[in-house]
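*Asks:* Sequential numbering from 1 applies to the sequence shown in my numbering. For glycine and all other residues, C-beta sits at the position ideal for the given N, C-alpha and C. Only a predicted model underlies this, so the values are computations on that prediction, with no experimental measurement involved.
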Amino acid sequence: MDAGRLVFLDESFCSTHMVREYGWAPVGQRAVGSRPGGRWRTLTLIGAIRLGCRPKLMTHPGAEPSPHFR
Numbered sequence: 001m002d003a004g005r006l007v008f009l010d011e012s013f014c015s016t017h018m019v020r021e022y023g024w025a026p027v028g029q030r031a032v033g034s035r036p037g038g039r040w041r042t043l044t045l046i047g048a049i050r051l052g053c054r055p056k057l058m059t060h061p062g063a064e065p066s067p068h069f070r
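1. Measuring only between beta-carbons, confirm whether P67 sits less than 8 angstroms from chain C.
2. When you compare only the Cα positions, how much space is there between F13 and T42?
3. Indicate the three-state DSSP secondary structure (helix, strand or coil) for G4 in the structure shown.
4. Output needed for L122: all residues of its chain with C-beta closer than 6 angstroms, excluding positions within five of it in sequence on either side, in chain order.
5. Could you say which of G23, R35, R39, G33 lies nearest to P61 if we only look at CA atoms?
Listed below in structure tokens is the structure:
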């Protein structure tokens, strides 16, 4: 098998609503925090690595539909 013909793909995501639910505070005090306002968003990331080439990255707002991944 020619290693130069192999392409490794990876799909991941990040979401703006992934914030901490709990926090630390001094004894007797309340932990105060905030969440980003507005609409929560998801961003899909697809990366491709091939021998002898620079890595490629594609982003897509929302969940990644199958045709984009193919």
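*Replies:* Judging by the given coordinates:
1. Among the chains in the structure shown there is no chain C, since it carries only a single protein chain.
2. 7 angstroms
3. helix
4. Since the first residue of the chain shown is 1 and the last is 70, residue 122 is not available in this structure.
5. R39
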